[in-house]
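Shown next, in C-alpha cells, is the structure this report addresses.
Protein chains: 2
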Amino acid sequence: MKPEHQIIDLAKVKVSCTNCSLTELCLPRGMGEDAVRKLEKIIKRASPLQKGEYLYRGGDPFNGIYAVRSGLIKVYANSDGGEEQIIGFYLPGEILGLDAIENNTHACFAVALETSSYCTIPFADLSGICKVVPELQDQLFKIMSRELTNENQMLLTLGKKNAEEKVATFLLTISNRYRQRGYSANDFKLIMSRQEIGNYLGVTFETVSRIFSRFQRDGIISVHKKYVNILDMDALKKLVSGCCG
Amino acid sequence: MKPEHQIIDLAKVKVSCTNCSLTELCLPRGMGEDAVRKLEKIIKRASPLQKGEYLYRGGDPFNGIYAVRSGLIKVYANSDGGEEQIIGFYLPGEILGLDAIENNTHACFAVALETSSYCTIPFADLSGICKVVPELQDQLFKIMSRELTNENQMLLTLGKKNAEEKVATFLLTISNRYRQRGYSANDFKLIMSRQEIGNYLGVTFETVSRIFSRFQRDGIISVHKKYVNILDMDALKKLVSGCCG
DNA sequence: CGCGTCGTTGAAGCCGCTCAATAGATGTGG
DNA sequence: CCACATCTATTGAGCGGCTTCAACGACGCG
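Listed in order, the protein sequences are those of chains S and W. Counting from 2, one number per residue, gives the positions in the first sequence under our numbering. Counting from 2, one number per residue, gives the positions in the second sequence under our numbering.
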C-alpha cells in the first residue's frame, strides 16, 4: 500500500489553463493573462470519467458547462418514443452543456465513450466573471455561435445528403478535428461504434458498415475494426460536394 | 399627393421596446426599465421587408442580429452542391443571425416570406451594453441556449422520425409558437410553401402534400390551400411520440 | 384569355431498412 | 487454457417508404 498522502483529490488540484495544451481551442482562446487567471480560479477538475460514466443526464439540474480535456464525450437526446438521437461527439478542447443554460436543466445526456478527463466550469461563476472580463464574454458568445454553426451544418447533412455523402462528411469532419488537435488527419481510430455513427447520421449501422466497405473497395479509405486510414482525401471531398465536382 | 412631412424615415423612428407587444418573447424579456432604455438606444428599425427581400445573404459581413417584429423570415444554408437546406422559420419576437457572431460573416441566407418588419441590433453595441447590464448578458446567453435546444430538437426530428412524424411535429411546433403569440393554436395560415416545408423537414413536397391529405382523410386536420385547421390535437401529439401511446 | 406557379394525386423505381446468418473480438468462469 | 456467452461488425436477400416522374387542376396575374 502506498502512503495516504499520495491519494490525491483531483477536485482540488489547481487547474492551469495557462499550461494546458488545449488553450488555443478552448475557452481561454485569445484571452489575456489576467483573464485566464480569473478563469482558472473557478474551474474545477474532477477525476476522469471511465467509459460509460455520465457527465450529466436529462433532467439533471444545470450547474455548469464542461470542457473536454482528453477522451471523447457523446451527447444525445431522447425522443418521446424513447429512442436516442446523438447530437454530437465532443473532443478535447470542446465545450458542452451550453444548451442547458436557458432552462437550468439538462435535456440531453453526456456519456464518456472512453476514459475522459474534463474541466467543470460553474456557470454562475463564469457568468459573473464575464461581467468584469469583456474578452471572456465575447469568447463565450463566439463559442455558442460556433456551436450553432456546427448544428446548422448537421441539419444540412441530415436533411439533404444521402447515406454515402453523410458517411463521407462524417469522416472528413472527424479528420479535420483531429488535425486541429495535432493528430494525423489521415490515420485515426474511431472511438464510437458503427451503431453510434449510424445513429448520429440518421442511417442504420448496417448502412454505415456497407459504405465503409464500399469506400475501401474503391480505394478511398482502408478500415480495420475501428481504425481508419484515409487514402484519397480528394475523393472524399468530391463525394460531399454533391456531384459534378 | 400627401405633403412631404408625412414621408417618414423609418430608420430614424425611435424604437420603443417598452411599448412593443413582443417584449415578453424578445430580447428585453425579464429586464428592468433601465436596461430596456439602454437597449432602445441602439436598436434600429428599418422599413419593412417585402416578400422575397433579403435581410442578409451568405458571405455578408456580420453587423448585428435581428429581431422579427411581424411577418415571417426564412433562414437557409447552401450546401456545396448548391442545394439549400432551410434552417428555420422565424416568427415575431424571435431573433436571428446569432450563428454569424463567431466568423463575423453570415453563412446563411435570411429572406422574408411575407411583408415583415424587424429591428436591427448592432452586435458591437449590444455586446458593449452587455458588459454594463448583467441582465442583458444573461438574457443573450439564454436566447442562444434556446436556439441550441431548438436545433437539437430538429436534429432529432430529421434523424429519427419518418415523414408522417416529421409533418406532425412541424404542425405542432407551429401551433405552439402561434399560441405563444396570442394567435389561435388550431387555425392558422402556413405562410411557407409545401416546397419549403418539405425542404425544412428533409422530405419532398409531394410527400408533405400526401401526408396533409392523409391527415385530412383521418379527420386530424382540415387543409385548404395554405390554411390549416387542427381538428384533433391529441391525435397529432400521439403521432409524434412515436407509437404505443 | 394564356401563362406560370403551386398543390394534389397516381404509378413505378430505388435507396436504405429489416431480417438473418456468420465471423471475429472480448470477456467470464470452470 | 479452453469452452461458452455476448457484443460488434460484416454481408446478403427481400421489402417498403419515400422519391422520382408525370399528369392534372386551381389560382393569380399580366
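The C-beta atom is built at its ideal place from N, Cα and C for all residues, glycine as well. Predicted, not measured: the structure shown is a model, and the values here were computed from it.
Of all the CB atoms in chain W, is at least one closer than 9 Å to the CB of residue 128 (chain S)?
Yes - at least one Cβ of chain W is within 9 Å of the one on residue 128 (chain S).
Determine the DSSP secondary structure at residue 63 (chain W), reduced to helix, strand or coil.
Three-state DSSP puts residue 63 (chain W) in coil, outside helix and strand.
Buried or exposed: where does residue 5 (chain W) fall if 16 or more other Cβ atoms within 10 Å of its Cβ makes it buried?
Any answer about residue 5 (chain W) is weak, because its pLDDT of 46 lies below 50 and its placement is not dependable; what the coordinates show is given next. Label assigned to residue 5 (chain W): exposed.
Output, in chain order, the set of chain W residues within a Cβ distance shorter than 7 Å of residue 103 (chain S).
The contacting residues are 143, 146, 147 and 150.
Identify the continuous beta strand (DSSP E) that holds residue 231 (chain S) and give its terminal residues.
First-last of the beta strand (DSSP E) with residue 231 (chain S): 228-231.
Using 9 Å as the limit for Cβ to Cβ distance, is residue 156 (chain S) near chain W?
The beta carbon of residue 156 (chain S) sits closer than 9 Å to some beta carbon of chain W.
Chain W contact for residue 224 (chain S) (CB, 9 Å cutoff):
For residue 224 (chain S), the answer is no, since every Cβ of chain W falls outside 9 Å of its Cβ.
Shortest alpha-carbon distance to residue 52 (chain W) belongs to which of W:212, W:194 and W:17?
Minimum Cα distance to residue 52 (chain W) is reached at W:194.
Pair within 9 Å by beta-carbon distance, residue 228 (chain W) and residue 190 (chain W)
Yes.
Simplified DSSP assignment, three categories, for residue 187 (chain S):
In the structure shown, residue 187 (chain S) falls within a coil segment according to DSSP collapsed to helix, strand and coil.
Burial state of residue 138 (chain W) (16 or more Cβ within 10 Å)
Sixteen is the threshold: when 16 or more other Cβ atoms of the shown chains lie within 10 Å of the Cβ of residue 138 (chain W), as they do, the residue is buried.
Just to confirm before moving on: does the CB-CB distance between residue 63 (chain S) and residue 105 (chain S) stay below 9 Å?
Less than 9 Å divides the Cβ of residue 63 (chain S) from the Cβ of residue 105 (chain S).
Under a three-way DSSP split, which group does residue 121 (chain W) fall into?
In the structure shown, residue 121 (chain W) sits in a strand (DSSP, three-state: E or B).
So residue 115 (chain W) and residue 73 (chain W) are in contact, right, with Cβ under 8 Å, and what is the actual spacing, rounded?
Contact between residue 115 (chain W) and residue 73 (chain W) holds, since their C-beta atoms are separated by about 6 Å, short of 8 Å.
Select from S:80, S:68, S:170 and S:178 the residue whose C-alpha is nearest the C-alpha of residue 241 (chain S).
The residue with the shortest Cα to Cα distance from residue 241 (chain S) is S:170.
Tell me, please, whether the CB atom of residue 31 (chain W) is closer than 9 Å to any CB atom in chain S?
Taking a beta-carbon distance threshold of 9 Å, residue 31 (chain W) does not count as an interface residue toward chain S.
Hey, how far is the Cα of residue 246 (chain W) from the Cα of residue 239 (chain W)?
Low confidence applies to residue 246 (chain W): its pLDDT is 43, below 50, so where it sits in the model is not reliable enough to give any reading.
Taking 9 Å as the cut-off, decide whether the C-beta atoms of residue 161 (chain W) and residue 33 (chain S) are in contact.
With contacts defined as CB atoms closer than 9 Å, residue 161 (chain W) and residue 33 (chain S) fail to qualify as a contacting pair.
Which partner residues of residue 79 (chain W) appear in the DSSP bridge assignment?
Here residue 79 (chain W) is bridged, per DSSP, to W:85.
Under 9 Å by beta carbon: chain S residues contacting residue 163 (chain W)
By Cβ distance, chain S contributes nothing, its closest Cβ being about 11 Å from residue 163 (chain W), past 9 Å.
Across which residues does DSSP place residue 112 (chain S) in a beta bridge pair?
According to DSSP, residue 112 (chain S) bridges with S:55 and S:75.
Under a Cβ-count criterion, where at least 16 other Cβ atoms within 10 Å of its own Cβ denotes burial, should residue 107 (chain S) be classed as buried or exposed?
So residue 107 (chain S) counts as buried.
Host beta strand (DSSP E) of residue 209 (chain S) (start-end):
Counting along the chain, residue 209 (chain S) falls outside any beta strand (DSSP E), though it belongs to the alpha helix (DSSP H) covering 206-218.
Just curious, the beta strand (DSSP E) that residue 102 (chain S) is in, first and last residue?
It is not in any beta strand (DSSP E) - residue 102 (chain S) carries neither H nor E in the DSSP assignment.
Taking 9 Å as the CB-CB limit, is residue 37 (chain W) close to chain S?
Chain S, which has no Cβ nearer than 9 Å to the Cβ of residue 37 (chain W), makes this no.
Can you name the residues that DSSP bridges to residue 68 (chain S)?
Residue 68 (chain S) is bridged to S:96 and S:120.
Between the stretch 66-80 of chain W and chain S, which residues of the former have a C-beta closer than 7 Å to a C-beta of the latter?
Interface annotation for the stretch 66-80 of chain W against chain S: 78 and 80, criterion Cβ-Cβ distance under 7 Å.
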